[in-house]
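To start, the structure itself, in structure tokens.
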Amino acid sequence: MADPTAALPLWSVLVLPLLLISAAWVAVAFDAALTARARGGRTEVAAAVLLPARETARLLVGQRRRTLAPDRTLTTTGVVLLPIAALLAAAVLPLGARPVADLSVGVVWFNAMEVLAWAAVWAAGWGANSMLSLVGGYRFVAQGLAYELPHMFALITAALAAESLRVPDIVAAQADLWFVVLMPVAFLAYLVSTAAMAFWGPFDAPVGRDVAGGAALELCGIDRLLFVGGRWLLLVVAAAMAVPLFLGGGAGPLLPAPAWVALKTLAVLALLVWLRRRLPTVRMDRFAEFAWVVLIPLTIAQALVVAIVVLQRGGGM
Amino acid sequence: MDLTRLLLRAGAARPHVLLLPVPGGTSVRLAVEAELARRGWPLAQSPADADVLVVAGRPGPRLSEIVEAVWHRLPAPRARIELTDPADVGLQLDAAAAVLANTARQRARQHHDVGPVSHHAHEEHGEHGGHEGHGDMGPVAGLPMADLGEDRDGLTLDRVHVPLGPLLPDWPPGLVVRVTLQGDVVQEAEAEVVDGPAAGEVDVWAGRAAARELDALARFLGVAGWDDAADRARRLRDDLLSGAPDERHATQVRTLVRRVRRSRALRWLLRGLAAGDTDVGALLERRLAAVERAVRGPDTPPSPPPDLAGLARALVGADLATLRLIVAALDPDTEIAPARVPHG
């Protein structure tokens with residue numbers, strides 16, 4: 001039998017995008033059903049399930065319109081980068097016990113790929129040469145200053161407890177106790193920062209309604225498909241990463257590991273989708289204040305506590 | 001070639017609708033919003049995201065120009081309808097969807113009008129800005145550069161002149177606010193209504209104060225990004241308009257008001273946002289109180305809407321996100337407002 005912690009075979013590279021798209025499909029349908037219910041219109045399950053297909057068809061035949069004096073290279077870079085960043089970040093996700101790419105620095109890789117989204121949204125916002133679109137792009141830059149540090153501290157606390165940056169090692173370290181119990185603050189900080197990273201509500205100011213869609217304002221046709229689709233993929237990957245980091249990965253009774261990973265991912269995703277509708281959009285200045293005054297000290301304290309626990313049980317040097 | 005036809009038909013099953021309300025067209029706007037909610041068709045936030053352009057009301061000469069410019073920015077496949085009678089809404093939306101699914105028609109259209117939008121087409125609808133301040137620098141690609149001016153601390157900073165409206169989500173019909181921005185802070189503001197309604201127009205809100213207040217509240221919650229509460233307010237408004245208000249409705253409205261008032265998140269976000277001599281939180285509370293008053297009885301007179309000069313005054317010193325909240329909170333009634341008032 002092969003080493004159970006080695007990477008998955010090469011063909012899994014092709015399966016990974018399909019899995020992510022399926023999860024995104026479920027999330028879009030769930031979001032559509034919630035929206036329809038709140039509006040009081042028809043809440044047909046079939047309509048919600050078909051929605052991603054309809055939207056995709058609509059954007060595939062949509063014309064790519066240009067604004068005046070755009071920076072096409074920048075727009076295209078931003079728009080294409082978003083789904084690619086999500087896919088690359090997903091490479092280190094264990095789909096069951098093993099990831100597609102088993103990197104010794106998996107957590108760092110994941111974070112590095114996520115940061116690409118920062119550049120992508122700014123580039124898409126700038127490229128259109130449109131005022132409100134530019135505002136949206138810069139809002140995301142400001143948002144990054146607020147969420148990125150708590151995000152890194154949350155990631156590194158999980159790695160610290162496992163004494164490894166390899167994602168399967170982090171899963172293995174949770175055999176006795178899930179990290180969500182050991183480090184609840186880090187888990188919450190991860191959820192908050194990960195929603196902000198996917199500019200998902202309540203952190204959707206970069207594509208907010210008050211700026212008529214912000215960074216996405218001028219995108220149409222295939223550009224919009226890549227941007228909006230990329231954002232959904234990013235959200236899925238962010239939710240999926242919570243599973244190996246905090247929720248014990250594929251551990252669970254009866255069902256095989258991949259089923260548990262899928263179930264836990266969908267549960268986190270459902271929580272994020274549901275929360276979006278329940279909360280108003282967080283203003284940039286307030287979020288920055290909250291992140292620096294509350295989140296960062298809390299995550300540092302959490303890391304300290306975990307470090308002491310690790311030393312207590314005789315880990316480290 | 002029937003992949004295109006298939007895709008067109010799939011897309012036309014749920015088109016995104018860009019609603020451009022005209023002053024005096026409120027009854028049509030309400031009918032369109034209710035019908036879209038019933039069908040589950042989404043409202044587009046910008047022309048790039050839209051398939052159908054719906055003009056609610058009869059636009060005057062200046063708004064007609066804006067409608068043309070907006071239409072030019074819709075990507076194909078696209079359709080356009082102008083509605084003046086609330087009774088036509090359903091039929092016309094069906095017709096628009098049929099145009100979208102019509103392969104031959106969409107192909108023929110895609111051939112003419114490609115290429116970038118002209119400079120002229122960008123003016124007057126908030127999603128493009130900075131075309132008015134003519135500084136010393138020459139134009140770049142037909143657009144003038146930002147000019148310089150003193151800011152509140154006496155520093156000389158870039159300033160950009162931006163018209164906001166009349167096409168923005170949850171924005172009063174026909175309102176255009178011209179602002180001078182330094183960074184994202186408003187230095188000067190000037191508000192006007194483009195093509196206000198002719199005298200003697202019927203007031204659709206007469207005797208429906210509760211629905212009027214809920215409509216304004218829904219706009220505010222929409223701008224604040226609280227989708228669930230905004231949808232709820234819109235739904236209650238539509239219920240009130242379609243039937244006689246009974247006790248159950250009144251209870252639901254009160255529940256919504258309580259929910260908004262108690263929201264800790266909203267209070268935290270609005271805390272300390274100045275709006276002229278008051279703040280956004282106080283303006284919201286005034287709106288919530290007005291909703292409660294209107295629900296209690298139809299006899300209470302509606303609170304008088306602010307004038308445009310007061311609006312412009314309240315915007316100076318705000319940033320862009322706050323500006324949107326202030327406009328939504330004050331909710332100037334552009335259907336009765338007089339013409340242009342500057343404030344600097």
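Residue numbers (the numbering used here), protein chains in the order written: chain A, 1 to 317; chain B, 1 to 344.
All C-beta atoms, glycine included, are put in the ideal place defined by N, C-alpha and C.
Could you check whether residue j and residue i sit closer than 7 Å to each other, using their CB atoms as the reference points?
{"i": "proline 94 of chain A", "j": "tryptophan 226 of chain B", "result": "no"}
{"i": "leucine 345 of chain B", "j": "valine 61 of chain A", "result": "Outside the shown range of chain B (1 to 344) lies residue 345 of chain B, about which nothing can therefore be said."}
{"i": "leucine 219 of chain A", "j": "alanine 48 of chain B", "result": "yes"}
{"i": "valine 135 of chain A", "j": "tryptophan 109 of chain A", "result": "no"}
{"i": "threonine 75 of chain A", "j": "alanine 124 of chain A", "result": "yes"}
{"i": "glutamine 302 of chain A", "j": "methionine 131 of chain A", "result": "no"}
{"i": "alanine 90 of chain A", "j": "tryptophan 232 of chain A", "result": "no"}
{"i": "alanine 238 of chain A", "j": "alanine 146 of chain A", "result": "no"}
{"i": "proline 173 of chain B", "j": "alanine 97 of chain B", "result": "no"}
{"i": "aspartate 228 of chain B", "j": "arginine 277 of chain A", "result": "yes"}
{"i": "phenylalanine 140 of chain A", "j": "phenylalanine 246 of chain A", "result": "no"}
{"i": "arginine 29 of chain B", "j": "proline 21 of chain B", "result": "yes"}
{"i": "alanine 31 of chain B", "j": "valine 99 of chain B", "result": "no"}
{"i": "alanine 209 of chain B", "j": "alanine 294 of chain B", "result": "yes"}
Straight-line CA distance for residue i to residue j?
{"i": "alanine 275 of chain B", "j": "leucine 315 of chain B", "result": "6 Å"}
{"i": "arginine 39 of chain B", "j": "alanine 50 of chain B", "result": "16 Å"}
{"i": "glycine 165 of chain B", "j": "aspartate 333 of chain B", "result": "15 Å"}
{"i": "alanine 101 of chain B", "j": "glutamine 63 of chain A", "result": "15 Å"}
{"i": "aspartate 246 of chain B", "j": "alanine 328 of chain B", "result": "28 Å"}
{"i": "proline 83 of chain A", "j": "alanine 112 of chain A", "result": "14 Å"}
{"i": "tryptophan 200 of chain A", "j": "alanine 240 of chain A", "result": "15 Å"}
{"i": "aspartate 215 of chain B", "j": "arginine 234 of chain B", "result": "6 Å"}
{"i": "valine 100 of chain A", "j": "valine 306 of chain A", "result": "29 Å"}
{"i": "leucine 18 of chain A", "j": "arginine 37 of chain A", "result": "29 Å"}
{"i": "valine 17 of chain B", "j": "valine 176 of chain B", "result": "21 Å"}
{"i": "tryptophan 41 of chain B", "j": "alanine 172 of chain A", "result": "47 Å"}
{"i": "valine 322 of chain A", "j": "glutamate 35 of chain B", "result": "Residue 322 of chain A lies beyond the range of chain A shown here (1 to 317); nothing can be said about it."}
{"i": "valine 181 of chain A", "j": "alanine 85 of chain A", "result": "30 Å"}
{"i": "alanine 211 of chain B", "j": "proline 86 of chain B", "result": "17 Å"}
{"i": "valine 223 of chain B", "j": "tryptophan 171 of chain B", "result": "9 Å"}
{"i": "proline 169 of chain B", "j": "leucine 295 of chain A", "result": "33 Å"}
{"i": "arginine 58 of chain B", "j": "leucine 91 of chain B", "result": "18 Å"}
{"i": "leucine 16 of chain A", "j": "threonine 103 of chain B", "result": "35 Å"}
{"i": "leucine 20 of chain A", "j": "alanine 57 of chain A", "result": "19 Å"}
Going by DSSP in three states, residue i sits in which element: helix, strand or coil?
{"i": "aspartate 158 of chain B", "result": "strand"}
{"i": "tryptophan 171 of chain B", "result": "coil"}
{"i": "threonine 278 of chain B", "result": "strand"}
{"i": "alanine 76 of chain B", "result": "coil"}
{"i": "aspartate 246 of chain B", "result": "coil"}
{"i": "aspartate 319 of chain B", "result": "strand"}
{"i": "leucine 19 of chain B", "result": "strand"}
{"i": "proline 99 of chain A", "result": "strand"}
{"i": "leucine 8 of chain A", "result": "coil"}
{"i": "proline 61 of chain B", "result": "helix"}
{"i": "proline 168 of chain A", "result": "helix"}
{"i": "leucine 43 of chain B", "result": "strand"}
{"i": "proline 94 of chain A", "result": "strand"}
{"i": "asparagine 102 of chain B", "result": "coil"}
{"i": "glutamine 312 of chain A", "result": "helix"}
{"i": "glycine 250 of chain A", "result": "coil"}
{"i": "aspartate 71 of chain A", "result": "coil"}
{"i": "leucine 51 of chain A", "result": "helix"}
{"i": "tryptophan 109 of chain A", "result": "helix"}
{"i": "arginine 296 of chain B", "result": "helix"}
{"i": "valine 89 of chain B", "result": "helix"}
{"i": "glutamate 33 of chain B", "result": "helix"}
{"i": "tryptophan 178 of chain A", "result": "coil"}
Based on the DSSP output, what are the partners of residue i in its beta bridges?
{"i": "proline 147 of chain B", "result": "Here residue 147 of chain B turns out to be aspartate, not proline, going by the sequence shown. According to DSSP, aspartate 147 of chain B bridges with B/Arg159."}
{"i": "valine 179 of chain B", "result": "B/Val162 and B/Ala189"}
{"i": "isoleucine 81 of chain B", "result": "B/Val54"}
{"i": "proline 206 of chain A", "result": "Answer is none; proline 206 of chain A lacks a bridge partner."}
If you measure beta-carbon to beta-carbon, which residues of the region 34-48 of chain B are closer than 7 Å to chain A? Within the region 34-48 of chain B, those residues whose Cβ lies closer than 7 Å to any Cβ of chain A are, in chain order, Ala37, Arg38, Arg39, Gly40, Gln45, Ser46 and Ala48.
What are the residues in the region 197-223 of chain A lying within 8 Å of chain B by C-beta distance? Residues of the region 197-223 of chain A with a Cβ closer than 8 Å to any Cβ of chain B, in chain order: Gly201, Pro202, Asp204, Ala205, Gly208, Arg209, Asp210, Val211, Ala212, Gly213, Ala216, Leu217, Glu218, Leu219, Cys220 and Gly221.
Contact set between the region 225-247 of chain B and chain A, restricted to residues whose Cβ is under 7 Å from the partner: Listed in sequence order: Gly225, Trp226, Asp227, Asp228, Asp231, Arg232 and Arg235.
Of the residues that make up the region 239-261 of chain A, which ones have a beta carbon closer than 8 Å to any beta carbon in chain B? Taking 8 Å as the upper bound on Cβ-Cβ separation, chain B lies near no residue of the region 239-261 of chain A.
Pull out every residue of the region 130-162 of chain A whose Cβ sits closer than 8 Å to any Cβ of chain B, in chain order. Result list: Ser130, Met131, Leu132, Ser133 and Val135.
At a Cβ cut of 8 Å, what residues of the region 319-334 of chain B count as close to chain A, listed as they run along the chain? Taking 8 Å as the Cβ-Cβ cut-off, the region 319-334 of chain B approaches chain A at Leu320, Ala321, Arg324 and Leu325, given in chain order.
Pull out every residue of the region 261-293 of chain A whose Cβ sits closer than 9 Å to any Cβ of chain B, in chain order. Cβ proximity to chain B below 9 Å picks out Arg276, Arg277, Arg278, Leu279, Pro280, Thr281, Val282, Arg283, Met284, Asp285, Arg286 and Phe290 from the region 261-293 of chain A.
Short of 9 Å Cβ to Cβ, which residues in the region 208-223 of chain B face chain A? Result list: Leu221, Gly222 and Val223.
Mind checking the region 57-80 of chain A against chain C and listing, in chain order, the residues whose C-beta falls within less than 9 Å of any C-beta there? Going by chain labels, chain C is absent from the structure shown, which instead holds the protein chains A and B.
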